[in-house]
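Have a look at the structure below before the remarks.
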Amino acid sequence: GQNIDQPTEMTATEGAIVQINCTYQTSGFNGLFWYQQHAGEAPTFLSYNVLDGLEEKGRFSSFLSRSKGYSYLLLKELQMKDSASYLCAVSRISSGSARQLTFGSGTQLTVLP
Amino acid sequence: IAGITQAPTSQILAAGRRMTLRCTQDMRHNAMYWYRQDLGLGLRLIHYSNTAGTTGKGEVPDGYSVSRANTDDFPLTLASAVPSQTSVYFCASSDLAGEGGNEQFFGPGTRLTVL
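Taken in order, these protein sequences are the chains called A and B. Going by the numbering used here, the letters in the first sequence line up with residues 1 to 113, in that order. Going by the numbering used here, the letters in the second sequence line up with residues 114 to 228, in that order.
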């Protein structure tokens with residue numbers, strides 16, 4: 001089975017840096033995704049890690065340690081529009097090569113002025 | 114059409130009724146997925162399809178069926194709706210042939226209420 005844990009809520013100030021952690025236990029690991037979801041909207045892709053290390057993409061970075069079953073999403077220079085739910089999702093290859101994602105419950109980030 | 118569309122946007126349904134949620138994508142992605150999203154539980158996979166003509170069960174398939182007659186369409190059917198199926202339903206697709214993570218692209222969702 002799979003188990004994914006991330007904090008339910010976080011609060012940070014505009015301009016600051018925030019780190020959202022995700023721990024997982026899974027079999028057949030094939031990568032870890034981070035998605036952003038604004039209230040009432042669909043999730044949108046932020047990042048993908050399959051190898052250990054840091055992936056940087058503008059203000060957002062994502063880190064993965066496969067041996068520790070741990071990832072984090074780092075958001076720099078926070079803006080009000082970054083207030084959203086951030087979903088950690090673990091990928092595994094199912095039969096026929098479709099990559100099944102198992103999602104954590106999401107971390108609701110509130111950015112304060 | 115650009116990306117993934119879902120219909121209807123929202124629906125209120127009496128328990129016991131049959132309902133089909135529609136999903137269409139124009140990206141020629143071979144894989145498609147249906148999720149439900151409930152407060153505190155995150156997104157859970159209902160059914161998926163690797164390619165036209167094949168389907169598979171996800172984490173919570175009971176009470177739902179799917180079909181994949183062609184690449185673009187992946188309808189989800191509730192044969193006899195129950196109140197516990199009240200949820201927001203998201204359809205997604207991904208390109209398995211591409212390199213990298215094959216991220217999933219999500220439709221706008223259907224908000225379903227079963228009374």
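Don't be surprised by glycine CBs; every beta carbon is placed ideally from N, CA and C. Quantities reported herein were computed from a predicted structural model and do not represent experimental measurements.
So residue i and residue j are in contact, right, with Cβ under 8 Å, and what is the actual spacing, rounded?
i: A/Tyr72; j: A/Leu109; result: In fact, because the Cβ distance is near 13 Å, the residues do not count as touching under 8 Å.
i: A/Lys24; j: A/Asn49; result: For clarity, residue 24 of chain A is Tyr in the given sequence; the question names Lys instead. Rounded, the Cβ-Cβ distance is 12 Å, inconsistent with contact.
i: B/Thr133; j: B/Leu189; result: 7 Å
i: B/Tyr161; j: A/Gln100; result: 7 Å
Take residue i and list the residues in its own chain whose beta-carbon comes closer than 7 Å to its own, dropping the five residues that flank it on each side.
i: B/Ala120; result: Arg135
i: B/Ala127; result: Leu228
i: B/Ser200; result: Arg149, Gln150, Asp151 and Leu225
i: A/Phe29; result: Arg66, Val90 and Arg92
i: A/Lys68; result: none
i: A/Lys76; result: Ile17 and Arg59
i: A/Met11; result: One point to set straight first is that residue 11 of chain A is Thr, not Met, in the sequence displayed. Answer for A/Thr11: Thr110 and Leu112, listed in chain order.
i: B/Gly129; result: Ser193 and Ala194
i: B/Lys170; result: His160
For residue i, which residues of its own chain have a beta-carbon under 8 Å away from its beta-carbon, when the five flanking residues on both sides are left out?
i: A/Gln37; result: Pro43, Thr44, Ala84, Ser85, Tyr86, Leu87 and Gly106
Return the CA-CA distance between residue i and residue j, expressed in angstroms with no decimal places.
i: A/Gln19; j: B/Met140; result: 33 Å
i: A/Gly104; j: B/Gly155; result: 6 Å
i: A/Asn21; j: B/Gly220; result: 26 Å
i: A/Leu78; j: A/Trp34; result: 17 Å
i: A/Gly58; j: A/Lys81; result: 15 Å
i: B/Glu216; j: B/Ser207; result: 6 Å
i: B/Thr118; j: B/Met145; result: 12 Å
i: B/His142; j: B/Leu209; result: 7 Å
i: B/Cys204; j: A/Leu32; result: 20 Å
Could you work out which residues of chain A lie near residue i, taking near to mean beta carbons separated by less than 9 Å?
i: B/Gln217; result: Phe33, Tyr35, Pro43, Phe45, Ala89, Arg99 and Leu101
Would you mind telling me which residues of chain A sit closer than 7 Å to residue i, beta carbon to beta carbon, in chain order?
i: B/Pro221; result: Ala42
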